[in-house]
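Have a look at the structure below before the remarks.
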Amino acid sequence: AKAKGRDTIALYDHAMDHAARERREIETDLREAVARDQLNIHYQPVIDLDSGQVSGYEALLRWYHPQRGVVRPDDFLGVAEETGMIVPIGEWVIRKALEETSRWSGDFRIAINLSPTQVRSPHLVDVVARAIHAYGIRPARVEFEITEHVLMQKSNVCVGNLEKLRELGAKIALDDFGVGYSSLSYLRRFPFDRIKIDKDFVEGIETCSDNKAIVSSITRLAEALGMAATAEGVETRGQLDLLRELGCQEAQGYLICEPVPGENFATADAVEAAM
Ligand code: C2E
Ligand code: CA
Ligand code: CA
Ligand code: CA
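Sequential numbering of the sequence shown, starting at 487, is according to full-length UniProt numbering.
See below:
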C-alpha cells in the first residue's frame, strides 16, 4: 500500500509540474501573441425574440495560435488574469470592438466582457471614454458584461468604476446569471441593465421542468426589477420557442449564429434571413 501511495504522489507531482509548465508556456506565448497581432475578436449576434431582429453583438476574444490553432478564452483567461495581462488585452478588445463597430451600419448594441482585474483597473473608464469618443459610438450602444466575481471583490473600486461607466452612458449586464452561489444578492449591489441567463439553464428547458421554472422565474425577476433578460447558449428551435413563450426578451446561441470574425461579420439582414 505504501508503494502505491508513493506512486500516486509521484504521479501527482508530475501532473502539477505539467500544469505549471503549461501555464508558463501559455504566458510566454500570450506575450508574443499580443506583440504579433495574433488576437482577434469574433462577434455573436443577439436577437430580439418578439421581432426576430438583431439587437446587438457580443465581442468574444480569440487567439489565433500558430501551433494550437484558434484558442478559446477559457484556455488562457486564467493566466491572463493572474499575470495582469488581461488589462492591456482587454483595452485592446475595447478599442478594436468599437473601431469595428463604427465601420458597420446599424445602431446595434455592442457587448464587451470585462474580468475582475479589468474592472479594478484605474485606467478602465478613461480607455472606454477615449474609444467611444475616437470612434464616434453613441455611448448607450456599449454594454459591459461582468460576472458576480467582479462584485465579490472587497474593494469599492469596482462598483465605482461601473458607476463611472454608467455615467458615460454605457450599460452594464450581469453575465452567467444563476450559476454563481449567491447571484440574487448581487442584484441589490448594482442596478444592472440586463441579466444574461446562463446556458446551463437554457440547455435543459425543454426536458427538465426545473430548468424551465428557473428560466421563467429569472425572466420575471428581471422584468420586475426593470432589467432586460437575454438567454445564452440557445442551440435548438424548441429552446427558442419556449424562451419566447416564457417572456424572455432576447436570445443568443449557435442556433441563431456562431461567433464570427469581423472580416465575415454576420450582418443583421443575413442573420434574420437565416432564422
Ligand atoms: P461568456 O461571456 O459567457 O460567453 C458565452 C460563451 O458561450 C462564448 O464562449 C460563446 O462562444 C459560447 N456560446 C455562444 N453560443 C453558444 C451555444 O449555443 N452553445 C454553447 N455551448 N456555447 C455558446 P467563448 O467565446 O469561448 O468565451 C468564453 C468566456 O470567455 C466568455 O463567456 C467570457 O466570460 C470570456 N471572454 C470572452 N471574450 C472576452 C474578453 O474580451 N474579455 C474578457 N475579460 N473575457 C472574455
Ligand atoms: Ca458574456
Ligand atoms: Ca455568459
Ligand atoms: Ca460563461
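Don't be surprised by glycine CBs; every beta carbon is placed ideally from N, CA and C.
Close-in-space but distant-in-sequence residues of the same chain around CYS743 (CB under 8 Å, 5 per side omitted)
Counting only residues of its own chain and dropping the five nearest sequence neighbours on each side, CYS743 has a CB closer than 8 Å to the CB of GLN530, PRO531, ALA752, VAL757, ALA760.
Ignoring anything shorter than 4 residues, give me the alpha helix (DSSP H) runs that lie fully in the region 700-744, in order along the chain.
Entirely contained in the region 700-744, the alpha helix (DSSP H) runs reaching 4 residues are, in chain order, 723-731.
How many angstroms separate the CA atom of ALA737 from the CA atom of GLU718?
Distance between the alpha carbons of ALA737 and GLU718: 6 Å.
Straight-line gap, GLU629 to ASP499 (C-alpha atoms, nearest Å)
Computed Cα separation, rounded: 44 Å.
Cut-off 6 Å between Cβ atoms - residues of its own chain near residue 764, not counting five sequence neighbours on either side:
Residue 764 lies beyond the range of the chain shown here (487 to 761); nothing can be said about it.
From ILE658, LEU707, ARG627, residue whose alpha carbon lies closest to that of MET670:
For the sequence presented, residue 670 should be read as Leu rather than Met. With distances taken between Cα atoms, LEU670 lies closest to LEU707.
Between the C-alpha atoms of ARG680 and ASP523, what's the straight-line distance to the nearest angstrom?
If I take the Cα positions, the gap works out to 32 Å.
Which partner residues does TRP578 have in the DSSP bridge list?
Paired residue(s): none; TRP578 is not in a bridge.
Quick check: what's the CA-CA separation for ALA754 versus VAL540?
In this model, ALA754 and VAL540 are separated by some 6 Å (Cα to Cα).
Does the distance from the C-beta atom of GLU577 to that of GLU631 stay below 9 Å?
Between GLU577 and GLU631, the CB-CB gap reaches or exceeds 9 Å.
Quickly, what does DSSP pair LEU546 with across the bridge? List them, please.
LEU546 is bridged by DSSP to HIS528.
Is there contact between the region 607-621 and the region 582-589, where contact requires at least three CB pairs shorter than 8 Å?
By the C-beta criterion, the region 607-621 is judged to be in contact with the region 582-589, since at least 3 inter-stretch pairs fall below 8 Å.
Rounded to the nearest angstrom, what separates SER537 and ALA715 at their Cα positions?
Between SER537 and ALA715, the alpha-carbon positions lie close to 15 Å from each other.
Curious, which full-length beta strand (DSSP E) runs of at least 3 residues does the region 631-669 contain?
Runs of the beta strand (DSSP E) lying entirely within the region 631-669 and spanning at least 3 residues, in chain order: 657-663.
Of all the options ARG507, GLU513, ASP534, ALA505, which has the alpha carbon lying nearest to the alpha carbon of GLN735?
Ranked by how close their Cα comes to the Cα of GLN735, the residues ARG507, GLU513, ASP534, ALA505 have ASP534 in first place.
Residue range of the unbroken beta strand (DSSP E) whose run includes ALA617:
Unbroken run through ALA617 is the alpha helix (DSSP H), 610-620; no beta strand (DSSP E).
What is the rounded straight-line gap between the Cα of MET502 and the Cα of LEU732?
If I take the Cα positions, the gap works out to 46 Å.
Candidates GLU653, LEU648, SER695: which alpha carbon is nearest SER601's?
Considering only alpha carbons, the answer is LEU648.
Cβ neighbours of GLY664 in the same chain (closer than 6 Å, five flanking residues each side left out)
Hits under 6 Å: ASP684, PHE687.
Is GLU736 near ligand 2, in the sense that its beta carbon is under 8 Å from a heavy atom of that ligand?
Result no, Cβ not under 8 Å from ligand 2.
Is the closest heavy atom of ligand 2 to the C-beta of ASP612 under 8 Å?
At a cut-off of 8 Å, the beta-carbon of ASP612 does not count as near ligand 2: no heavy atom of the ligand is closer than that.
Count the other CB atoms, across all protein chains shown, that sit within 10 Å of the CB of ARG723; report buried if there are 16 or more and exposed otherwise.
That one is exposed.
Applying the 10 Å Cβ sphere with the 16-neighbour rule, what's the burial state of ARG558?
Under a 10 Å Cβ-count criterion, ARG558 is classified as exposed, with fewer than 16 other Cβ atoms of the shown protein chains found around its own Cβ.
What residue range does the alpha helix (DSSP H) around ARG606 cover?
Per DSSP, ARG606 belongs to the alpha helix (DSSP H) from 602-606.
Is the beta carbon of LEU654 less than 9 Å from the beta carbon of MET571?
Cβ atoms of LEU654 and MET571: not closer than 9 Å.
Within the present structure, is the beta-carbon of ALA545 separated from the nearest heavy atom of ligand 1 by less than 8 Å?
Of the heavy atoms belonging to ligand 1, at least one sits nearer than 8 Å to the Cβ of ALA545.
Are LYS682 and LEU728 closer than 9 Å when you measure CB to CB?
At least 9 Å separates the beta-carbon of LYS682 from that of LEU728.
Reduced DSSP category for GLU692 - H, G, I as helix; E, B as strand; rest coil
Of the three classes helix, strand and coil, the one that applies to GLU692 here is coil, per DSSP.
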